[in-house]
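Report on the structure given below.
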Amino acid sequence: MDLLQLFDENHAPLFRFAYRMTGSVADAEDIVQECFLQLLKPGGSYDPKRTPIRTYLFGVVRNQSLKRRQTLAEPPSEQAHDKTPEREYVQTELEAVIARAVAELPDGQQEVLILSHFGQLSLAEIAEVMDIEVTAVKSRLQRARAGLKETLAAYAPGAGRTR
Amino acid sequence: MNDNELDEILGQWKTPAVRKAWSTDLRDALNALEHGRGFFRWLPRLMPVAGKGLLATAGAGVFLVAVAAAFPQSSAWFSTPPPYTVDAENIRYSDNGTPRIEEYFTATADYSGRKSEIVLSATYPDDLHRTIHALFMQLFDRIPWLPDDNSATIAKARFTAYLKSNCAAPERFTIGNETVLDHRTTVSQNIATESPDGKTGKVWRLTYWRAPDLGCFTLKNTTEVRQPDGTFLLTQERRPLKVTTSRRQ
């Protein structure tokens, strides 16, 4: 697969993953750009014998997203989902609530949930991206979903709450 | 809440669409990078075979290219002239409005996107030291740098996007269009707390007249400083004298 084909097939899901991790369009664009440039760097870290390319790309985006969040030292629910007036994209109230609930999950759980539910990665792929055991992925996913069921209970269909 | 209900709720968390301009620029940049890599890939393999002789020849070649770029009139066959040049003068205004010509220069746009322009020659009527310094700087400006890193390709892609936008810089307001020396320009303006020459402590209004057909070259600009009564006083002006188009264009 050549680089442009790889870009065409993956830049949109990677952007969505980065956006959900950082809550910022500008950060998500920078992260995806950096991700593809890393592939071209001489002596880069990608080893096709060890990791499938898709897993590698999601792994780079994950690492970059976590780095950005550490730099900001502020959870994405605060720094991006609520306070970015220049964003062209307008979230509904429910979307903001979901974004905040996911952002408030412990770090490992948040990534697992986003990669699994929104990125449609398998448990094995997520394990590679995060460099943990499949069983750990499974348990984090279960805890994340259980946590969200509680946090978002008021928004369940038929819960009697209107938006 | 059951699993299906949670999935239904999570499904409502949408993301913004990928910006077309961003993805197109990045794709173009990656394409250029990949081809650049292909072009230079043979070099490391060739070097051990050819040894020091090739290295010396390559060094001499780079030197000649640099000299030819700096002094194109001495070796016109060697270098490609820029598509156009602009002769202009920089004028400083004193507090009472008296003008003083600070600099005459000839420049062109930097189509690599690394700099806003390339100065081909410059003289400072009242400052011989600065004129000599400018001569050395022009030598560096005109060395044809190889597209050897990612930042160069990204700079080029951003510059291309800037050209496509008719020189509308995101950090400035476009306030209109004017024709300067027969070239249509995009006029943009911004308020700054630092002047272009690095002064601080006041508020400046900067206005630029950039020509899309000249690689967004700044044909004219003005710097004004805000007065206590809120009006702006002109302190500096770039005034274009002549645009010379290359015969090869």
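Chains as they are written, first to last, in the numbering used here: chain A, 1 to 163; chain Y, 164 to 412.
A virtual CB, placed ideally from N, CA and C, is assigned to each residue, including glycine.
Computed from a predicted model, the values in this text were never measured in an experiment.
Below 8 Å on the Cβ atoms is my guess for residue i versus residue j; work out the distance and round it to an integer in Å.
| i | j | result |
| --- | --- | --- |
| Y/Phe299 | Y/Val282 | The pair is not a contact, with the Cβ atoms about 12 Å apart (cut-off 8 Å). |
| Y/Ile354 | A/Leu152 | The Cβ separation is near 45 Å, so there is no contact. |
| Y/Arg321 | Y/Gly276 | 6 Å |
| Y/Ala251 | Y/Arg401 | 6 Å |
| Y/Leu377 | Y/Glu387 | The Cβ separation is near 24 Å, so there is no contact. |
In the DSSP assignment, what are the bridge partners of residue i?
| i | result |
| --- | --- |
| Y/Glu357 | Y/Thr363 |
| Y/Ser351 | Y/Thr337, Y/Tyr371 |
| Y/Ala270 | Y/Val249, Y/Val282 |
| Y/His296 | Paired residue(s): none; Y/His296 is not in a bridge. |
| Y/Ile254 | Y/Ile264, Y/Glu400 |
| Y/His346 | Y/Val343 |
Helix, strand or coil, according to DSSP, for residue i in the structure here?
| i | result |
| --- | --- |
| A/Ala156 | coil |
| A/Lys49 | coil |
| Y/Ile426 | Outside the displayed range of chain Y (164 to 412) lies residue 426 of chain Y, so it cannot be described from this structure. |
| A/Arg87 | Only weak support is given to the placement of A/Arg87: the predicted model assigns it a pLDDT of 42, under 50, and the value that follows is read from those uncertain coordinates. Three-state result, A/Arg87: coil. |
| Y/Val181 | coil |
| Y/Thr248 | strand |
| A/Glu104 | coil |
| Y/Arg368 | strand |
| A/Ile132 | coil |
| Y/Ser242 | Here the model assigns Y/Ser242 a pLDDT of 48, short of 50, so the residue's position is not dependable, and the following value carries that caveat. Y/Ser242 falls in the coil class under three-state DSSP. |
| Y/Asn329 | coil |
| Y/Lys278 | coil |
| A/Asn10 | helix |
Applying the 10 Å Cβ sphere with the 16-neighbour rule, what's the burial state of residue i?
| i | result |
| --- | --- |
| A/Tyr19 | buried |
| A/Asp107 | exposed |
| Y/Thr121 | Examination of residue 121 of chain Y is not possible in this model, given that chain Y is present from 164 through 412 alone. |
| A/Pro85 | Its pLDDT being 36, under 50, A/Pro85 is placed unreliably by the model, and nothing is read from it. |
| Y/Lys183 | exposed |
| Y/Ala180 | exposed |
| Y/Lys365 | exposed |
| Y/Arg373 | buried |
| A/Arg50 | exposed |
| Y/Arg263 | exposed |
| A/Gln5 | exposed |
Where does the unbroken beta strand (DSSP E) through residue i begin, and where does it stop?
| i | result |
| --- | --- |
| Y/Pro403 | 395 to 408 |
| Y/Ile281 | 281 to 286 |
| A/Thr92 | Taken as a continuous stretch (DSSP letters only), A/Thr92 belongs to no beta strand (DSSP E), as it is neither H nor E. |
| Y/Leu384 | Per the sequence presented here, residue 384 of chain Y reads as Asn, with Leu not at that position. Residues 380 to 389. |
Let's see if you can read the secondary structure: which residues bound the alpha helix (DSSP H) around residue i?
| i | result |
| --- | --- |
| Y/Gly339 | Counting along the chain, Y/Gly339 falls outside any alpha helix (DSSP H), though it belongs to the beta strand (DSSP E) covering 336 to 343. |
| A/Ile31 | 25 to 40 |
| Y/Ile172 | 166 to 173 |
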